[in-house]
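Protein chains in written order, with my numbering: chain A, 20 to 382; chain B, 26 to 406.
Backbone N, C-alpha and C define an ideal beta-carbon position, used for all residues, glycine too.
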Amino acid sequence: MISKDLVIIGGGPAGLCAARMAAEAGQSAILIDRNAKLGGQLIKQTHMFFGSEKQYAKTRGIDIAKKLLDDVGSYPELIEVWEDATVVGLYPDKVITVLKQEKYLKIQAKAIIVATGASEKVLAFENNDLPGIYGAGAVQTLMNVYGVKPGNKIIMVGSGNIGLIVSYQLMQAGVEVVSLVEASPNIGGYKVHAAKLRRYGVEINTSCTIKKAIGKEAVEKVVTIKLDENWNEIPGTEKTYEVDAICIAVGLTPLTSLLSMIGCEMKYISELGGLVPVTNKYHETSIDNIYVCGDSSGIEEASSAIVEGYLTGLIASSKLGKKHPKFAELVDDFQSQLENLRNGPFGAKIRQGLKKLGGSVDA
Amino acid sequence: MKANYVIIGAGISGCSIAYNLAAKGVKDIVVVEKDYLTSGSTGRCGAGIRQQWGTKMNCLLAKASIEFFETAQVTLEYDGDIEFKQEGYLIVAVDEEEDEQFAKNVELQKCLGIPAKKITKREAREIVPHLNTDAIVSATFCSTDGHLNPFKMNDAYYKAAKRLGVKFFFNEAVKDIIVKNKKIEKVITTNLEIETNNVVNAAGGYAKEIGTMAGVDIPVYAEKHEILVTEPIEKIQGPMVMSFGKNLYCQQVPHGSFVMGRTDPDVDHNHDIESSWKFLDEMAKTLCEMLPLVGNLRVIRQWAGSYTMSPDRQPIIGDIEDLEGFYLACGFSGHGFMFAPMTGLLLSEIILNEKPTIDISDLHVSRFKHQKEFVLEKSVV
Chain A
20 MISKDLVIIG GGPAGLCAAR MAAEAGQSAI LIDRNAKLGG QLIKQTHMFF GSEKQYAKTR
80 GIDIAKKLLD DVGSYPELIE VWEDATVVGL YPDKVITVLK QEKYLKIQAK AIIVATGASE
140 KVLAFENNDL PGIYGAGAVQ TLMNVYGVKP GNKIIMVGSG NIGLIVSYQL MQAGVEVVSL
200 VEASPNIGGY KVHAAKLRRY GVEINTSCTI KKAIGKEAVE KVVTIKLDEN WNEIPGTEKT
260 YEVDAICIAV GLTPLTSLLS MIGCEMKYIS ELGGLVPVTN KYHETSIDNI YVCGDSSGIE
320 EASSAIVEGY LTGLIASSKL GKKHPKFAEL VDDFQSQLEN LRNGPFGAKI RQGLKKLGGS
380 VDA
Chain B
26 MKANYVIIGA GISGCSIAYN LAAKGVKDIV VVEKDYLTSG STGRCGAGIR QQWGTKMNCL
86 LAKASIEFFE TAQVTLEYDG DIEFKQEGYL IVAVDEEEDE QFAKNVELQK CLGIPAKKIT
146 KREAREIVPH LNTDAIVSAT FCSTDGHLNP FKMNDAYYKA AKRLGVKFFF NEAVKDIIVK
206 NKKIEKVITT NLEIETNNVV NAAGGYAKEI GTMAGVDIPV YAEKHEILVT EPIEKIQGPM
266 VMSFGKNLYC QQVPHGSFVM GRTDPDVDHN HDIESSWKFL DEMAKTLCEM LPLVGNLRVI
326 RQWAGSYTMS PDRQPIIGDI EDLEGFYLAC GFSGHGFMFA PMTGLLLSEI ILNEKPTIDI
386 SDLHVSRFKH QKEFVLEKSV V
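If you want it as structure tokens, here you go:
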């Protein structure tokens, strides 16, 4: 059994930033990630970020990842990084079980920051298990991390920012996007992204969804159908496209199974993407010294995950007795950054979700 | 609301009792359950069904229950598959003491018509080729023991009872039982007040607390037992493999997964059902010694549930001297699932003053008051 005061699970933006703040405060930690490379989703995001300079706006995700990795890498004596290590259990006595390069290890922690991110939501339709049907995250990984085209003719489902951006990236990679369908009557993401797609001739069909996929060994065709104002299918509006891939970008849901396993109080908040842990404004769950930040505490943008990570790293270290020299100042700063990020019309859903969750809306 | 009978608990026992009472024509039966169907010990159990017991009562209840399971799907008009698979239980003796005890058990089982037999290591290996026979002395085998899906079986009883007019209320925890002049008047749950003179305590791990509400002391306690399931593979093991000495049971269920469990000898007596890493460690060690091949599989999930232990590890079924209209079906000590058909039948006979199909006066709760020594069931993991 390994003993470690602080363990951070997940090396995406939230986990990396938590590790950096812990190190700045003088707190040592083990940072665990199941992938061979840290950085989470950032490493496949080739687009430039929106928002303010503080959270790396106008920088590509992949470059943000490099920056955050360098930050953590400058504290080798404090932050021990475990790559290719999957946490398989989180027990009530704060023992973490890890499968690290085929070895089963146990860590007794005092405090744990869960920054496990999210998983993609799936869509129910006939034949939705045919090869050639991907989540948008998987498509990004294939194209932007491994340089593999997911198909030649693709249909995109979902008009949130991910659906819009990935459609454009597919076109850049030489994939024909035959259509983008969106079940709701409105486009979900930024208008600027949608406009760009339209300029390149991609049709965006709102109030439309996938009826079924057709194919023997893999996807060969897809049938779409229009929806009425009550989201019911309108018979006779079916349209068939020849495609060899379907990309589903219908949102993310927090990966919280470790928090459920350890017994954190959970609430279903649809605005935050599903089941999320109840937290106080310092990102501590219902269990003492168990923290959560980033998408696993509710789906937001990577910029929020970054700030949440910083804040949580500060708080967790302070409670372990390592207080950052600029603790109060930084806590105020990060809390006001989060407030700013959640301002405006696009933050309305998150504000509503956090309000339902209780308490942390002012965080 | 008024009810003729209020049954507390919608696990396998409560649902079987409800079904049997309703099948005998009793009206106005209400089942109250604090969570949802099969949410307690039934849905957490190891899904094994066996007749190889060390006490006469347990043997008789198990044998008659298996006979019911054999035709349950038809009898209960269930449209699903209860996944009853009779491929036996192989119980291994790991020392001379167990070997001797098992010889006695098999004699008893044979006398009661149970087709169990004592076999050698070599014969055991023929039945389960990946069994490490270096770790055992001998074994017993009963080919009609086996596996049954707890969720489906519970659902079959529930649906059959519902068809016969039993009313079920879920998310209704019993808060109090009002007793006046040694007579039950009312059961109060989260949202309901049910006027009734008859209550059946089939509350599993919470049977003691339910007893306390009615002013009755039931000598049972809950203790945590842990269990895990592996990834599914093609079929390699027919029977359940069980060892009391090595503290293990392990069976490949019909969809291909292995379900296995063991007992923590230092477990506390409480309602804790949290999973532990210690169980995973100990289970893996035990399994790798006894069934090394299965040790190659990946664990999918672990969970835990409560055994409701009685002092002699035999069930408590019957009425109670101190309180008219209060009936007990509890203290199954980890085996309530496989005895459920008889629990339901026999308790309904007792409630309706019929002659019981099997004389179970030995299972009356008064045995712990009057008898100085009990017949202890040793065949328990």
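Kindly identify the DSSP beta-bridge partner or partners of Y352 of chain B. Position 327 of the second sequence holds residue 352 of chain B. DSSP lists B:V225 and B:D344 as the bridge partner or partners of Y352 of chain B.
Please name the residue, chosen from B:L318, B:T214, B:D201 and B:H296, that lies closest to T255 of chain B on a Cα-to-Cα basis. Counting from 1 along the second sequence, the entry for residue 255 of chain B is found at position 230. Comparing alpha-carbon positions, the option among B:L318, B:T214, B:D201 and B:H296 lying closest to T255 of chain B turns out to be B:L318.
Does any CB atom of chain B fall closer than 8 Å to the CB of Y110 of chain A? What you label residue 110 of chain A is simply residue 91 of the first sequence in a count that begins at 1. It does: the Cβ of Y110 of chain A has a partner Cβ on chain B nearer than 8 Å.
Please check the pair I385 of chain B and L370 of chain B, which I expect to be a contact at CB under 8 Å, by giving their CB distance rounded to whole angstroms. Looking up residue 385 of chain B in the second sequence gives position 360. Looking up residue 370 of chain B in the second sequence gives position 345. Wrong, their Cβ atoms sit about 10 Å apart, outside the cutoff.
Can you list the beta strand (DSSP E) stretches of 3 or more residues lying completely in the region 66 to 114 of chain A, in chain order? Runs of the beta strand (DSSP E) inside the region 66 to 114 of chain A: 98 to 101 and 104 to 109.
Contact set for L277 of chain A: own chain, Cβ-Cβ below 7 Å, skip 5 residues either direction: One-based indexing of the first sequence puts residue 277 of chain A at position 258. For L277 of chain A, the CB contacts under 7 Å within the same chain, skipping 5 residues up- and downstream, are I28, V106, L109, V133 and T135 in chain order.
What are the start and end residues of the beta strand (DSSP E) that includes W328 of chain B? Looking up residue 328 of chain B in the second sequence gives position 303. Looking at the DSSP string, the run of the beta strand (DSSP E) that includes W328 of chain B is V324 to M334.
Return no unless some Cβ of chain B is closer than 8 Å to the Cβ of K286 of chain A. As a first step, residue 286 of chain A must be located in the first sequence, where it is residue number 267. Not one chain B Cβ lies under 8 Å of K286 of chain A.
Using a Cβ-Cβ cut-off of less than 7 Å, list which residues of the region 85 to 119 of chain A approach chain E; keep chain order. Reference to chain E is not applicable here, since the protein chains of this structure are A and B.
For G207 of chain A, which option in A:I223, A:W250 and A:G156 has the closest C-alpha, if you only look at C-alpha atoms? In the first sequence, the residue the question calls residue 207 of chain A occupies position 188. Looking at the Cα atoms, A:I223 is the closest of the given residues.
Selection of the region 289 to 307 of chain B by Cβ proximity to chain A, strictly under 8 Å: Cβ contacts with chain A come from E299, S300, S301, W302 and L305.
I want to see whether chain B comes within less than 8 Å of K231 of chain A, judged by CB atoms only; does it? Along the first sequence, read from residue 1 onward, the residue named residue 231 of chain A stands at position 212. At a cut-off of 8 Å between beta-carbon atoms, K231 of chain A makes no contact with chain B.
Listing by chain order, which chain B residues have their CB less than 7 Å from the CB of K125 of chain A? Walking along the first sequence from the start, residue 125 of chain A turns up at place 106. For a Cβ distance threshold of 7 Å, residue set W302 of chain B lies close to K125 of chain A, ordered along the chain.
Identify, in the order they occur along the chain, each residue of the same chain with its Cβ nearer than 8 Å to the Cβ of V204 of chain B, setting aside the five sequence neighbours on each side. Counted from its first residue, the second sequence places residue 204 of chain B at position 179. Cβ within range, chain order: E210, A239, G240 and L348.
Could you tell me the distance, in whole angstroms, from the CA atom of R370 of chain A to the CA atom of E201 of chain A? Residue 370 of chain A sits at position 351 when you count from the first residue of the first sequence. Residue 201 of chain A sits at position 182 when you count from the first residue of the first sequence. Taking the straight line joining both Cα atoms gives about 24 Å.
Going by DSSP, name the residue or residues bridged to Q277 of chain B. By one-based count along the second sequence, residue 277 of chain B stands at place 252. B:F283, per the DSSP bridge assignment.
Euclidean distance between Cα positions of T160 of chain A and W101 of chain A: Counting from 1 along the first sequence, the entry for residue 160 of chain A is found at position 141. Counting from 1 along the first sequence, the entry for residue 101 of chain A is found at position 82. Rounded to the nearest whole angstrom, the CA to CA distance from T160 of chain A to W101 of chain A is 21 Å.
Smallest Cα separation from S300 of chain B: which of A:K77, A:E43 and A:D112? Along the second sequence, one-based indexing puts residue 300 of chain B at 275. When only C-alpha atoms are compared, the closest one is A:D112.
CA-CA distance, G179 of chain A and E320 of chain A? Within the first sequence, residue 179 of chain A is the residue found at index 160, counting from 1. Within the first sequence, residue 320 of chain A is the residue found at index 301, counting from 1. Rounded to whole angstroms, G179 of chain A to E320 of chain A spans 12 Å at the Cα level.
Where does A367 of chain A land, buried or exposed, given buried means 16+ other C-beta within 10 angstroms? Position 348 of the first sequence, counting from 1, holds the residue named residue 367 of chain A. Only exposed fits A367 of chain A, as fewer than 16 other CB atoms lie within 10 angstroms of its CB.
Quick one: which chain B residues come within Cβ less than 9 Å of G30 of chain A? As a first step, residue 30 of chain A is located in the first sequence; it is residue number 11 there, counting from the start. In chain order: nothing, as chain B lies at least about 23 Å away.
Give the residues of chain B in contact with G282 of chain A, contact being defined as C-beta atoms less than 9 Å apart. The sequence position of residue 282 of chain A within the first sequence is 263, counting from 1. Neighbourhood of G282 of chain A in chain B, by CB distance below 9 Å: E299, in chain order.
Would you tell me roughly how many angstroms separate the C-alpha atoms of E261 of chain A and L62 of chain B, rounded to the nearest one? Locating residue 261 of chain A in the first sequence gives position 242, counting from the first residue. Locating residue 62 of chain B in the second sequence gives position 37, counting from the first residue. So the alpha carbons of these two residues sit roughly 46 Å apart.
Given D297 of chain B as reference, the closest of B:Q76, B:K49, B:K380 and B:E251 once Cα atoms are compared: Here residue 297 of chain B corresponds to residue number 272 of the second sequence, with the count starting at 1. For the set B:Q76, B:K49, B:K380 and B:E251, the Cα lying nearest the Cα of D297 of chain B is the one of B:E251.
Whose C-beta lies closer than 7 Å to the C-beta of T80 of chain B among residues of the same chain, with five residues either side of it excluded? Translated into positions along the second sequence, residue 80 of chain B becomes position 55. Taken in chain order, the residues that qualify are Q339, V400 and E402.
Starting from A44 of chain A and walking both ways along the alpha helix (DSSP H), at which residues does that stretch end? Working through the first sequence from its first residue, we reach residue 44 of chain A at position 25. It is not in any alpha helix (DSSP H) - A44 of chain A carries neither H nor E in the DSSP assignment.
Helix, strand or coil at H212 of chain A according to DSSP, with G and I counted as helix: Along the first sequence, read from residue 1 onward, the residue named residue 212 of chain A stands at position 193. Three-state result, H212 of chain A: helix.
I'd like the span of the alpha helix (DSSP H) that includes L278 of chain A, first residue to last. Along the first sequence, read from residue 1 onward, the residue named residue 278 of chain A stands at position 259. Unbroken alpha helix (DSSP H) run through L278 of chain A: S276 to I281.
Alpha carbon to alpha carbon, what distance is there between E43 of chain A and A335 of chain A? Within the first sequence, the letter at position 316 stands for residue 335 of chain A. Within the first sequence, the letter at position 24 stands for residue 43 of chain A. About 12 Å.
Mapping the DSSP letters down to three states, classify N196 of chain B as helix, strand or coil. Within the second sequence, residue 196 of chain B is the residue found at index 171, counting from 1. The answer is coil: DSSP assigns N196 of chain B none of H, G, I, E or B.
Can you tell me which of the three DSSP states C167 of chain B falls into? Within the second sequence, the letter at position 142 stands for residue 167 of chain B. If DSSP states are grouped into helix, strand and coil, C167 of chain B belongs with the strands.
Cα-Cα separation, V185 of chain A to D314 of chain A: One-based indexing of the first sequence puts residue 185 of chain A at position 166. One-based indexing of the first sequence puts residue 314 of chain A at position 295. The alpha-carbon atoms of V185 of chain A and D314 of chain A are separated by roughly 19 Å.
Run the CB neighbour count on A87 of chain B, radius 10 Å, all protein chains shown included, and call it buried at 16 or more, exposed below. Looking up residue 87 of chain B in the second sequence gives position 62. Label assigned to A87 of chain B: buried.
Do Q127 of chain A and S22 of chain A come within 8 Å of each other at the CB atom, strictly closer than that value? Within the first sequence, the letter at position 3 stands for residue 22 of chain A. Within the first sequence, the letter at position 108 stands for residue 127 of chain A. For S22 of chain A and Q127 of chain A, yes; Cβs fall inside 8 Å.
State the DSSP-derived secondary structure class of E251 of chain B, mapped to helix, strand or coil. Here residue 251 of chain B refers to the residue found at position 226 when the second sequence is read from its first residue. DSSP, reduced to helix, strand and coil, places E251 of chain B within a strand of the structure shown.
What did DSSP end up calling C70 of chain B once you bin it into helix, strand or coil? For the purposes of this step, residue 70 of chain B is taken as residue 45 along the second sequence, with counting starting at 1. Three-state DSSP puts C70 of chain B in coil, outside helix and strand.
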